[in-house]
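Going line by line, the protein sequences match chains A and B.
To get the working numbering, take the position in the first sequence, counting from 1, and add 1.
To get the working numbering, take the position in the second sequence, counting from 1, and add 1.
Comments concern the structure below.
Number of protein chains: 2
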Amino acid sequence: MKYFDFNATSPLSSVAEEVWISSNQEYWQNPSGPYIGSARAKNRLEGLREQMASILETKTENIIFNSGATEGNNTLINYCAKNSKSDARILISNIEHPSVIKAAEVTFGRKVDFIPVSAAGVIETPNLLPLIKNGNYSLISVMAANNETGIIQPWREILEMCNENNIPYHCDASQWIGKLPPKNLGKCDFLTGCGHKFGGPKGVGFLKISECFANFKSFYGGEQESGHRGGTENLPAIAAMIAALEGKLLNSEIIKANQELWKNEFLDILLNEVPGVKIIGKGVNQLWNTASIILPKHDNIRWVMRLDKLGFAISTGSACASGREGPSHVLKAMGYTFDEIKRTVRISGGSDTSRKAWHELGEAFKRVWKDLNMRSSSLNKARIISI
Amino acid sequence: MKYFDFNATSPLSSVAEEVWISSNQEYWQNPSGPYIGSARAKNRLEGLREQMASILETKTENIIFNSGATEGNNTLINYCAKNSKSDARILISNIEHPSVIKAAEVTFGRKVDFIPVSAAGVIETPNLLPLIKNGNYSLISVMAANNETGIIQPWREILEMCNENNIPYHCDASQWIGKLPPKNLGKCDFLTGCGHKFGGPKGVGFLKISECFANFKSFYGGEQESGHRGGTENLPAIAAMIAALEGKLLNSEIIKANQELWKNEFLDILLNEVPGVKIIGKGVNQLWNTASIILPKHDNIRWVMRLDKLGFAISTGSACASGREGPSHVLKAMGYTFDEIKRTVRISGGSDTSRKAWHELGEAFKRVWKDLNMRSSSLNKARIISI
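This is how it looks when you write it as structure tokens:
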């Protein structure tokens with residue numbers, strides 16, 4: 002199986018596996034206990050927090066470990082809604098992950114404003130400044146890179162605008178972290194991410210908080226995570242997540258250069274062999290691993306199934322959006338028609354994806370295109386005969 | 002190190018480690034993806050849900066996997082508060098875990114009523130019926146067994162009363178599951194538990210829900226867990242948790258009989274060798290693994306540190322309660338004085354704890370008692386001399 006759905010999840014990296022196993026042997030005791038084994042676990046946990054803070058270039062006390070980005074997005078927005086003035090609003094982009102959009106809509110009700118996205122899939126910052134200046138926002142949430150299109154958002158500019166206007170800025174960096182250098186991301190007031198997008202275990206993530214919500218609470222209970230989140234700390238998974246992330250930060254520039262080249266070679270095959278194919282995100286900054294493609298004909302699910310049979314795992318969109326959640330809100334926001342959305346597939350490679358695998362994926366698309374066309378032309382013939 | 006703090010956390014069992022590793026190899030793909038690897042993961046996940054439902058004797062669709070009992074307690078009470086009439090109240094016992102008490106106090110404000118506990122540490126059910134009949138409760142929450150004292154609560158009776166009066170009943174069974182047969186626990190409308198208390202991984206647990214909160218949502222986002230909890234499912238940890246639990250259900254009667262005998266032998270050493278020691282929970286049903294002991298002299302932390310040096314890990318109370326959270330609310334509710342609480346230790350063994358280890362723990366207490374007394378009598382002498 003050649004796997005091209007890294008934006009949905011990634012296999013556990015061998016370093017993460019090793020660290021998880023060894024942490025369960027050496028540091029399994031409850032960090033809040035009163036004996037030496039607990040003190041060692043507590044020290045290790047705080048060392049991990051420092052390591053994470055150093056990666057994100059932020060203060061150690063701002064890092065809260067949790068179960069993942071969906072928890073982070075929900076608990077942050079929930080806390081923000083409960084602790085804002087009754088007329089306060091939230092401003093989010095209309096291409097956020099459902100865990101931001103739905104959480105905002107449920108907790109802020111009608112007091113959610115949406116920042117529109119351009120046809121190219123990028124938040125248009127000139128539109129944003131008057132909104133920020135005149136709105137009454139207790140939080141602005143714009144992701145670092147979109148999960149469906151891989152299109153990179155101007156989070157640095159937005160952060161600056163928010164800073165200048167003294168409005169807390171939240172950045173869901175789930176798709177950025179582990180793919181691009183996290184430099185400056187820690188300057189965002191709030192930042193969410195999770196381990197399984199970059200070779201860490203599932204069920205672990207982090208939320209970077211800021212002094213502006215100093216009393217932030219996600220779960221009440223024990224006083225773990227400096228009182229911000231009750232519940233026994235998942236040290237083995239935290240250690241494994243950070244080990245996986247450290248691994249991804251090595252050689253990240255070479256990986257980016259190679260993967261971008263190979264992805265473009267794959268896209269060239271597609272453009273040559275599948276006439277009428279459209280590449281979403283051409284001409285704008287995009288994650289090196291992601292391609293979002295509108296195929297000229299046939300429903301995306303048929304392509305995905307055919308490619309699956311040939312040994313390639315690609316997706317129709319985000320894993321959350323696939324299945325019963327209807328057409329992608331991201332592509333809709335970019336102005337694509339329902340018909341186009343139904344023909345869109347997402348391809349997302351990993352840092353280890355080989356040039357050969359990208360090339361073979363191109364060849365597989367070529368083959369499926371021929372097969373589907375042959376099948377539809379023979380069906381048409383059959384129809385003509387039966388008429 | 003001889004470990005006697007299983008109520009705080011347990012080491013990962015070897016079967017859980019194996020299953021976690023193999024699940025990360027075989028079923029690491031996102032269960033919501035559209036290709037065969039995802040379908041296999043989805044099937045495996047639903048198989049695990051069936052297995053958990055069968056252990057708890059409840060319907061498969063009632064099982065939600067999450068990050069642990071603190072999340073379960075918080076999200077349930079939060080949902081309940083938001084979706085109840087504005088005058089609805091919550092009734093909880095005053096010996097609940099802080100994740101129940103604090104969540105209730107924050108979300109229900111002044112509309113929290115407390116069920117008192119007897120001096121013996123048991124919820125008195127005769128007091129409960131008039132409360133239930135006359136109250137306006139949207140939820141009643143009483144744990145199955147207390148984490149600090151190990152004292153078993155009359156959850157079966159409370160469940161029956163709640164059923165008769167048509168009030169949803171929530172049981173935090175974190176300390177029961179994996180130690181005693183879960184039979185009938187699945188009949189509670191809501192049930193919380195977590196893996197790391199019985200040899201499963203940290204960061205994984207479950208919430209059993211009921212039709213009375215059919216639209217229960219913990220995290221908004223993807224439509225995972227039948228729409229009840231967004232976020233990529235932590236399949237490897239879920240599989241490992243259930244494997245650990247299945248292991249604990251084997252021979253549970255023999256384990257209970259042996260451990261109870263050995264714990265009592267340990268308590269006999271204590272009663273003989275440390276004059277004035279008081280055993281909390283004598284004469285009432287208690288978890289086979291737990292002993293809560295008031296020592297005649299010296300602060301509990303001194304005992305814990307001395308025992309730690311001799312290679313025994315015991316606790317001053319719950320891991321959440323140890324440290325900065327002040328004296329145990331559980332012992333306070335039972336009527337113990339501040340002075341008594343400061344002299345209380347908790348000992349909690351595991352299913353593999355040997356008779357020898359229990360015996361050695363008794364001998365260690367004997368030694369610490371002598372050492373502490375010798376030290377304090379020599380200190381007294383020193384004081385007398387210096388005067």
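Glycine included, C-beta positions come from ideal geometry on N, C-alpha and C.
- No Cβ-Cβ contact shorter than 8 Å links F366 of chain B with L268 of chain B.
- With fewer than 16 other Cβ atoms from the protein chains shown falling within 10 Å of its own Cβ, K310 of chain A counts as exposed.
- Classified as buried, K218 of chain B has 16 or more neighbouring CB atoms from the shown chains inside 10 Å of its CB.
- B:L332 is the residue among B:W359, B:T354 and B:L332 whose C-alpha sits nearest the C-alpha of A121 of chain B.
- Within its own chain, the residues whose Cβ lies closer than 7 Å to the Cβ of R303 of chain B, once the five positions on either side in sequence are excluded, are L373, listed in chain order.
- For F207 of chain A, the closest Cβ of chain B is not nearer than 8 Å.
- Annotation: the continuous alpha helix (DSSP H) that includes V20 of chain B extends over S15 to E27.
- Counting every other CB atom within 10 Å of its CB across the protein chains shown gives T338 of chain B a total below 16, marking it as exposed.
- With respect to Q176 of chain B, L288 of chain B sits close: the two C-beta atoms are nearer than 8 Å.
- The alpha carbon of E51 of chain B has as its nearest neighbour, out of B:A40, B:A42 and B:I64, the alpha carbon of B:I64.
- Within the same chain, Cβ atoms closer than 8 Å to the Cβ of L236 of chain A are found at S24, Y28, W29, P32, A42, R45, L46 and L49, the five residues on either side in sequence being excluded.
- Not a single C-beta of chain B is nearer than 8 Å to the C-beta of P328 of chain A.
- Taken in chain order, the unbroken stretches of alpha helix (DSSP H) that lie wholly in the stretch 249-300 of chain B and span 4 residues or more are 253-274.
- Per the C-alpha coordinates, the member of A:D340, A:A358, A:E364 and A:H330 positioned closest to T150 of chain A is A:H330.
- Within the stretch 328-356 of chain B, the alpha helix (DSSP H) runs of at least 4 residues that lie entirely inside it are, in chain order, 330-334 and 339-342.
- Between E247 of chain A and F66 of chain A, the C-beta gap is not smaller than 8 Å, which leaves the two residues out of contact.
- Boundaries for F109 of chain A: no beta strand (DSSP E) harbours it, while the alpha helix (DSSP H) harbouring it runs P99 to F109, taken from the DSSP string.
- Per DSSP, reduced to three states, the secondary structure at A245 of chain A is helical.
- Nearest to K283 of chain B by C-alpha distance, out of B:G194, B:I294, B:V275 and B:S355, is B:I294.
- Annotation for N75 of chain B: the continuous alpha helix (DSSP H) segment containing it runs A70 to K83.
- If you ignore the 5 residues before and after A241 of chain B, its C-beta comes within less than 6 Å of the C-beta of A17, V20, W21, G201 and P202, all in its own chain and listed in chain order.
- Sequence-ordered contacts of the stretch 99-112 of chain A with chain B read P99, S100, K103, A104 and V107 [C-beta pairs closer than 7 Å].
- Q26 of chain B counts as exposed, since fewer than 16 other beta carbons sit within 10 angstroms of its beta carbon.
- At least one CB of chain B lies nearer than 8 Å to the CB of K203 of chain A.
- The closest CA to that of E274 of chain B, considering only B:N185, B:F313, B:V369 and B:Q225, is found on B:V369.
- Counting only residues of its own chain and dropping the five nearest sequence neighbours on each side, E341 of chain B has a CB closer than 6 Å to the CB of I295.
- Put simply, the backbone Cα of T193 of chain B is about 16 Å away from that of E226 of chain B.
- If you look at I168 of chain A, you'll find it isn't in any alpha helix (DSSP H); DSSP assigns it neither H nor E.
- Closest in C-alpha terms to E254 of chain A, from the list A:T345, A:N290 and A:K86, comes A:N290.
- Sixteen is the threshold: since fewer than 16 other Cβ atoms of the shown chains lie within 10 Å of the Cβ of R376 of chain B, the residue is exposed.
- Residue pairing by DSSP puts G206 of chain A in a beta bridge opposite A:N67 and A:C195.
- Taking 8 Å as the cut-off, the Cβ atoms of T126 of chain B and I178 of chain B do not count as close.
- In the DSSP assignment, S139 of chain B falls within the unbroken beta strand (DSSP E) covering Y138 to S142.
- Under DSSP, F220 of chain A forms a beta bridge with A:R230.
- Excluding sequence positions up to five before and after W263 of chain A, its CB lies within less than 7 Å of the CB of R356 and W359, all in the same chain and listed in chain order.
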